[in-house]
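Here the structure comes first, spelled out in structure tokens, and everything after it is commentary.
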Amino acid sequence: MKNENKRYTIGVIAAQISDAQQRQLLEGVFEEANNLQINVAVFSNVYNPYYYDKQVEIENNIYKLIYTDDVDAIIVDEESILNEELKMLINKITKEVKDVPIISVCMEIDGIECLDNDVTEDFVNITNHLIEKHGFTDIDILTGFENLETSKLRVEGYRKALEAHNIEFNEEKVIYGDYWMYSGEELAKQYIYGKRKLPQALICANDYMAFGLCDEFIKNELKIPEDITVIGYEYVGERYNHFPILTSYSRNRHAVGRNAVRYLYSKITGKEYNSLPTGGEIILGNSCSCGVDKSYLRNELEIKREQEFYIRLNLVGTFGLKLTLCTSIEEFIGILQQYAYQIRNINAIYLCFYDNWCNSDLISGGDINLSETMICYPVINMYKELGEPVFYNKSELFPNAYIDNDEPYLMYFMPLFFAGKEFGYIALKFEEKEFFDLIFISWLKTASNALEFLRMKNDINYLVKCQNLSEYHDTTTGLYNEQGIRKQLKMKIVNAAKDDKVLMCVVKTSLFSKELNFNQHEKTLSIEMGIADYLKRLTSKNNELCAKLDHNTYLIAGVGNYTDESVEILKDTINTLIIHLPEYISCCGLNSFVSAAGIAEKEEYSFTAQLNKLREKISEDIYNLTLKQQQQNFNTFATLRNELYSSPEVERDINQVCQRFCLSTGHFRVIYREIFDISFHQDTIQSRIFYSKYLLLTTSMSVSAIAMKCGYDDEKYFMRQFRQFSSYTPNQYRNNFGI
Numbered sequence: 001m002k003n004e005n006k007r008y009t010i011g012v013i014a015a016q017i018s019d020a021q022q023r024q025l026l027e028g029v030f031e032e033a034n035n036l037q038i039n040v041a042v043f044s045n046v047y048n049p050y051y052y053d054k055q056v057e058i059e060n061n062i063y064k065l066i067y068t069d070d071v072d073a074i075i076v077d078e079e080s081i082l083n084e085e086l087k088m089l090i091n092k093i094t095k096e097v098k099d100v101p102i103i104s105v106c107m108e109i110d111g112i113e114c115l116d117n118d119v120t121e122d123f124v125n126i127t128n129h130l131i132e133k134h135g136f137t138d139i140d141i142l143t144g145f146e147n148l149e150t151s152k153l154r155v156e157g158y159r160k161a162l163e164a165h166n167i168e169f170n171e172e173k174v175i176y177g178d179y180w181m182y183s184g185e186e187l188a189k190q191y192i193y194g195k196r197k198l199p200q201a202l203i204c205a206n207d208y209m210a211f212g213l214c215d216e217f218i219k220n221e222l223k224i225p226e227d228i229t230v231i232g233y234e235y236v237g238e239r240y241n242h243f244p245i246l247t248s249y250s251r252n253r254h255a256v257g258r259n260a261v262r263y264l265y266s267k268i269t270g271k272e273y274n275s276l277p278t279g280g281e282i283i284l285g286n287s288c289s290c291g292v293d294k295s296y297l298r299n300e301l302e303i304k305r306e307q308e309f310y311i312r313l314n315l316v317g318t319f320g321l322k323l324t325l326c327t328s329i330e331e332f333i334g335i336l337q338q339y340a341y342q343i344r345n346i347n348a349i350y351l352c353f354y355d356n357w358c359n360s361d362l363i364s365g366g367d368i369n370l371s372e373t374m375i376c377y378p379v380i381n382m383y384k385e386l387g388e389p390v391f392y393n394k395s396e397l398f399p400n401a402y403i404d405n406d407e408p409y410l411m412y413f414m415p416l417f418f419a420g421k422e423f424g425y426i427a428l429k430f431e432e433k434e435f436f437d438l439i440f441i442s443w444l445k446t447a448s449n450a451l452e453f454l455r456m457k458n459d460i461n462y463l464v465k466c467q468n469l470s471e472y473h474d475t476t477t478g479l480y481n482e483q484g485i486r487k488q489l490k491m492k493i494v495n496a497a498k499d500d501k502v503l504m505c506v507v508k509t510s511l512f513s514k515e516l517n518f519n520q521h522e523k524t525l526s527i528e529m530g531i532a533d534y535l536k537r538l539t540s541k542n543n544e545l546c547a548k549l550d551h552n553t554y555l556i557a558g559v560g561n562y563t564d565e566s567v568e569i570l571k572d573t574i575n576t577l578i579i580h581l582p583e584y585i586s587c588c589g590l591n592s593f594v595s596a597a598g599i600a601e602k603e604e605y606s607f608t609a610q611l612n613k614l615r616e617k618i619s620e621d622i623y624n625l626t627l628k629q630q631q632q633n634f635n636t637f638a639t640l641r642n643e644l645y646s647s648p649e650v651e652r653d654i655n656q657v658c659q660r661f662c663l664s665t666g667h668f669r670v671i672y673r674e675i676f677d678i679s680f681h682q683d684t685i686q687s688r689i690f691y692s693k694y695l696l697l698t699t700s701m702s703v704s705a706i707a708m709k710c711g712y713d714d715e716k717y718f719m720r721q722f723r724q725f726s727s728y729t730p731n732q733y734r735n736n737f738g739i
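Counting from 1, one number per residue, gives the positions in the sequence shown under the numbering used here.
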């Protein structure tokens with residue numbers, strides 16, 4: 001059931017949005033969505049090649065965002081998608097999306113309702129113009145591919161208009177082309193060299209074929225419209241590049257876009273669907289004797305001049321150079337902010353990265369994982385103050401922290417990737433009724449390529465500090481890798497006692513790391529090696545195994561007489577060691593790691609199944625941490641909690657703490673418990689107990705010295721409190737679990 005307080009969101013699957021046809025369609029979508037107070041999320045790739053290209057295939061993962069929970073209805077503009085493999089992917093996605101209304105526009109898709117202009121009626125109107133305004137009776141038509149239904153519909157409209165005026169339809173006057181300039185050029189040559197009789201007028205099934213024909217005529221000094229009148233179709237907005245200015249028929253894609261939103265809104269709400277008329281209009285130029293409509297031409301030239309200005313800005317700027325010199329993500333974003341002026345009509349830019357986007361072991365492709373953690377960096381917002389980077393769950397599409405609930409958003413989502421590596425996506429807002437163009441596409445390609453430079457610098461700096469050991473070991477830490485621990489655990493199970501159980505515990509550390517900075521690498525590597533060292537010591541003592549599975553993910557496994565209690569003690573021990581690793585809290589924060597563990601009978605044990613189950617639990621816990629981070633006061637209160645656990649021996653007066661936050665004592669306590677599920681008082685005690693556990697685990701300090709170091713003046717009071725929280729005396733704890 002849809003939350004009544006949440007605005008509906010329509011997802012649009014499209015490509016080549018910089019083209020005039022897609023712009024006209026989206027203008028209608030945006031206008032009607034704004035009228036109905038509906039959000040619009042447009043998903044588009046970058047390259048959209050006609051033929052399959054493995055290097056850019058990963059860009060099409062952007063369309064899988066349609067699976068996210070926030071999308072309530074879908075518009076598919078398949079006409080803009082050139083690649084057949086991509087069309088198959090889009091069809092697969094639309095079939096898999098459940099309980100979401102879908103509409104196709106301008107091109108039919110099997111099993112999906114389609115909205116389109118009446119192409120036949122459009123060509124009736126074009127032909128009528130030539131007959132009624134100009135008195136022509138000898139008219140040829142250059143349509144598209146013979147096997148396409150839309151090509152036949154164009155011819156049908158032409159035929160109907162001729163017959164309505166008692167002009168005989170002649171199949172020989174129908175020429176099939178390819179919807180591109182080449183077929184227009186070839187037809188022009190047939191007219192020029194006498195292979196085909198020159199008619200009074202020619203109708204072209206799109207503007208590009210008309211451009212090709214006119215260009216070839218001008219080269220051979222045929223006069224338009226004196227020798228032949230030419231009319232195009234689609235009104236693609238590039239008439240200023242050709243002579244004479246083409247007369248074209250503009251399809252009313254704007255109305256189609258509005259109708260698509262109206263249709264989906266009726267499906268979502270159950271309200272009546274009222275469609276708008278979709279008839280188009282002739283845009284006059286000089287390729288017929290009516291003469292050019294100066295208002296349309298003036299608008300085209302103004303846009304062209306503005307585009308030329310921005311092209312010059314991009315050509316002479318040092319945007320690409322400065323991006324490739326960046327050594328941190330903060331510096332990278334700073335350069336994007338500095339050069340955002342190179343993008344026409346931009347309103348807001350956000351970079352949405354996978355949490356592990358910068359890692360060499362990043363695996364891209366495959367099924368979308370909606371539980372993945374994302375981090376969103378605000379780059380620019382022309383009307384609002386930029387906030388801090390926000391962590392969110394991929395199922396949300398875009399973090400709520402950056403959404404203005406007072407008005408609907410109209411946003412574009414495009415992929416950030418490089419040669420098979422998927423970094424995330426970019427979210428964009430433009431000024432009202434404005435769109436990105438090819439200038440922005442070039443800007444985005446430069447930014448994506450520079451991200452790979454930054455990631456490679458990170459890898460090189462990281463790997464020079466590592467030693468490659470073997471196919472069974474992690475290159476950085478010397479721990480087993482997944483293949484190695486799988487093999488060793490299998491051997492342990494074979495030699496295990498009859499009643500032994502199999503333990504697996506997954507630990508994910510350094511979550512929500514916001515920096516990719518070479519100056520931090522020494523600390524990062526030191527922390528990673530410190531974690532590995534503690535886990536080695538812990539597992540060696542218990543005759544267990546330890547592996548590094550991937551970036552900041554570790555697996556502890558063993559075979560023995562495990563119980564639920566022993567598993568919880570293991571997790572608590574690991575948490576204690578990680579929290580107090582030197583510089584861990586200052587670099588990563590307290591709420592930056594999760595763990596999940598389970599035990600299984602030997603007969604029921606499966607390494608892959610058990611590991612997948614634990615990974616799912618880890619993803620769920622990360623998602624919950626992500627939600628916590630989006631709470632209004634999380635960052636300031638998390639800073640306080642980090643201080644609490646970094647220096648538990650410091651006595652903190654509750655009144656002074658409340659003054660720091662400008663809150664009453666009662667209000668402070670309520671917020672603290674809401675965020676961390678523990679009172680401030682209990683957390684203060686727990687921070688001291690955790691630190692004392694760490695000292696008992698890793699040092700030979702006396703109990704009295706530990707009590708003093710943890711802020712206790714009374715050793716006996718410390719011992720009572722320790723037992724209350726751990727069920728052990730300090731000495732029992734050390735003897736049982738010390739490493």
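The beta carbon of each residue, even a glycine, is placed where N, CA and C say it ideally should be.
Every value quoted in this text rests on a predicted model; they were computed, and no experiment measured them.
Is Lys87 helix, strand or coil by DSSP?
-> On the sequence shown, position 87 is the one that residue 87 refers to. Correct three-state label for Lys87: helix.
How is Thr684 classed by DSSP in three states: helix, strand or coil?
-> Along the sequence shown, one-based indexing puts residue 684 at 684. Residue state, collapsed to three classes: helix.
Leaving out the 5 sequence neighbours to the left and right, which residues in its chain are closer than 6 Å to Tyr374 when beta-carbon positions are compared?
-> For this step, residue 374 is matched to residue 374 along the sequence shown. According to the sequence displayed, residue 374 carries Met and not Tyr. Here the set comprises Cys352, Tyr392 and Lys394.
Please look up how many angstroms separate the CB atoms of Phe436 and Ser80, rounded, as I've assumed it's under 8 Å.
-> Position 436 of the sequence shown holds residue 436. Position 80 of the sequence shown holds residue 80. Incorrect: roughly 14 Å between the Cβ atoms, too far for contact.
Look at the Cβ atom of Cys662, then the Cβ atom of Tyr691, and state whether they are nearer than 8 Å.
-> The sequence position of residue 662 within the sequence shown is 662, counting from 1. The sequence position of residue 691 within the sequence shown is 691, counting from 1. Against a cut-off of 8 Å, the Cβ pair of Tyr691 and Cys662 comes out as no contact.
With DSSP collapsed to three states, give me the class of Pro225.
-> The residue given as residue 225 occupies position 225 in the sequence shown. If DSSP states are grouped into helix, strand and coil, Pro225 belongs with coil.
Is Leu438 buried or exposed, if buried means 16 or more other CB atoms sit within 10 Å of its CB?
-> As a working mapping, residue 438 is identified with position 438 in the sequence shown. Result: exposed.
Among Glu330, Leu246, Ile58 and Ile531, the one whose alpha carbon lies nearest that of Leu582 | The residue labelled residue 582 in the question sits at position 582 within the sequence shown. Note on residue identity: the sequence assigns Pro, not Leu, to residue 582. With distances taken between Cα atoms, Pro582 lies closest to Ile531.
Opposing strand residues paired with Gly424 [DSSP bridges] | Here the question's residue 424 lines up with position 424 in the sequence shown. In the DSSP output, where bridge partners are listed per residue, Gly424 has Phe353 and Leu416.
Limits of the beta strand (DSSP E) - the one that Thr9 falls within | As a first step, residue 9 is located in the sequence shown; it is residue number 9 there, counting from the start. Looking at the DSSP string, the run of the beta strand (DSSP E) that includes Thr9 is Thr9 to Ala14.
Grouping DSSP H, G and I as helix and E and B as strand, with all else coil, what is Tyr273?
-> One-based indexing of the sequence shown puts residue 273 at position 273. Reduced to three states, the DSSP call for Tyr273 is coil.
Nearest residue (CA-CA) to Arg253, options Glu234, Glu132 and Asn34 = Working through the sequence shown from its first residue, we reach residue 253 at position 253. Of the listed residues, the one whose Cα sits closest to Arg253 is Glu234.
With a cut-off of 8 Å, do at least 3 Cβ pairs link the region 109-119 to the region 129-137?
-> Three or more Cβ pairs closer than 8 Å define a contact, and the region 109-119 falls short of that threshold against the region 129-137.
Residue from Met382, Cys376, Asp355 and Asp406 whose Cα sits closest to the Cα of Asn345 = By 1-based counting over the sequence shown, the position of residue 345 is 345. Checking every option, the nearest Cα to that of Asn345 belongs to Met382.
Kindly indicate which residue of Val316, Gln307 and Glu372 has the alpha-carbon position closest to the one of Tyr343.
-> As a position in the sequence shown, residue 343 is number 343, starting the count at 1. Reading off the sequence shown, one finds Ile at residue 343, where the question assumed Tyr. It is Gln307.
Just to confirm, are Gly237 and Glu300 a CB contact at a threshold of 8 Å?
-> Within the sequence shown, residue 237 is the residue found at index 237, counting from 1. Within the sequence shown, residue 300 is the residue found at index 300, counting from 1. Less than 8 Å separates the beta-carbon of Gly237 from that of Glu300.
Taking Glu32 and Asn45 to be in contact with their CB atoms under 8 Å, please state how far apart those CB atoms are, rounded to whole angstroms.
-> Numbered from 1 along the sequence shown, position 32 holds the residue referred to as residue 32. Numbered from 1 along the sequence shown, position 45 holds the residue referred to as residue 45. So it is not a contact: roughly 25 Å between Cβ atoms.
Pick helix, strand or coil for Thr698, following the three-state DSSP scheme.
-> As a working mapping, residue 698 is identified with position 698 in the sequence shown. It is helical.
For Lys501, which beta-bridge partners are listed by DSSP?
-> As a working mapping, residue 501 is identified with position 501 in the sequence shown. Bridge partners of Lys501: Gly560 and Glu601.
At which residue ranges does the region 189-257 contain complete alpha helix (DSSP H) runs of 4 or more residues, listed in the order of the chain?
-> 207-219
Quick one: what's got a C-beta closer than 6 Å to Ser679's C-beta in the same chain, skipping five residues either side?
-> Position 679 of the sequence shown, counted from the first residue, corresponds to residue 679. The answer, listed in chain order, is Arg673.
Do you know how far the Cα of Gly157 is from the Cα of Glu121?
-> Here residue 121 refers to the residue found at position 121 when the sequence shown is read from its first residue. Here residue 157 refers to the residue found at position 157 when the sequence shown is read from its first residue. If I take the Cα positions, the gap works out to 6 Å.
Rank Lys617, Trp443, Gly320 and Thr563 by C-alpha distance to the C-alpha of Lys508 and give the top, closest one.
-> What you label residue 508 is simply residue 508 of the sequence shown in a count that begins at 1. Measuring C-alpha to C-alpha distances from Lys508 to each of Lys617, Trp443, Gly320 and Thr563 identifies Lys617 as the nearest.
Find out if the Cβ-Cβ distance for the pair Leu479, Ala557 is shorter than 8 Å.
-> Position 479 of the sequence shown, counted from the start, is the residue given in the question as residue 479. Position 557 of the sequence shown, counted from the start, is the residue given in the question as residue 557. Contact flag unset, no.
Spell out the partners DSSP gives Leu115 in its beta bridges.
-> Walking along the sequence shown from the start, residue 115 turns up at place 115. In DSSP, Leu115 forms a bridge with Val105.
Backbone CA spacing between Ser104 and Val256 [nearest angstrom] | Here residue 104 refers to the residue found at position 104 of the sequence shown. Here residue 256 refers to the residue found at position 256 of the sequence shown. Between Ser104 and Val256, the C-alpha separation is close to 10 Å.
Residues bridged to Met752 by DSSP?
-> Because the chain spans 1 through 739 in this model, residue 752 falls outside it and cannot be assessed.
Within 7 Å: the Cβ of Glu226 and any heavy atom of the ligand MG?
-> With respect to small molecules bound, the structure shown includes none, and the ligand MG cannot be examined in it.
Three-state secondary structure assigned by DSSP to Val71 | In the sequence shown, the residue the question calls residue 71 occupies position 71. Looking at Val71 - three-state DSSP - the assignment turns out to be coil, as it is neither helix nor strand.
Are the CB atoms of Arg154 and Ala205 nearer to each other than 8 Å?
-> Locating residue 154 in the sequence shown gives position 154, counting from the first residue. Locating residue 205 in the sequence shown gives position 205, counting from the first residue. A contact, by the Cβ cut-off of 8 Å.
Who are Glu281's beta bridge partners in DSSP?
-> For the purposes of this step, residue 281 is taken as the residue at position 281 of the sequence shown. The partner list for Glu281 (beta bridge, DSSP) reads Ser250.
Locate the alpha helix (DSSP H) running through Lys613, then write down its first and last residues.
-> Against the sequence shown, residue 613 aligns to sequence position 613. Its alpha helix (DSSP H) spans residues Phe607 to Gln629.
Keeping to the same chain, check which residues put their C-beta closer than 6 Å to that of Leu246; ignore five residues upstream and five downstream.
-> The residue given as residue 246 occupies position 246 in the sequence shown. If we look at Leu246 and ignore the five residues flanking it on each side, its Cβ neighbours are Ala210, Gly232, Arg239, Gly285 and Ser287.
For Ala164, does the count of other Cβ atoms within 10 angstroms reach 16, so buried, or fall short, so exposed?
-> What you label residue 164 is simply residue 164 of the sequence shown in a count that begins at 1. So Ala164 counts as exposed.
Name the DSSP beta bridge partners of Phe430, please?
-> As a position in the sequence shown, residue 430 is number 430, starting the count at 1. DSSP, once it has assigned bridges, lists Ile346 as partnering Phe430.
Just mark Gln656 as buried or exposed, buried being the case when its beta carbon has 16 or more other beta carbons within 10 Å.
-> Counting from 1 along the sequence shown, the entry for residue 656 is found at position 656. By the neighbour-count rule (16 or more Cβ atoms within 10 Å), Gln656 is not buried but exposed.
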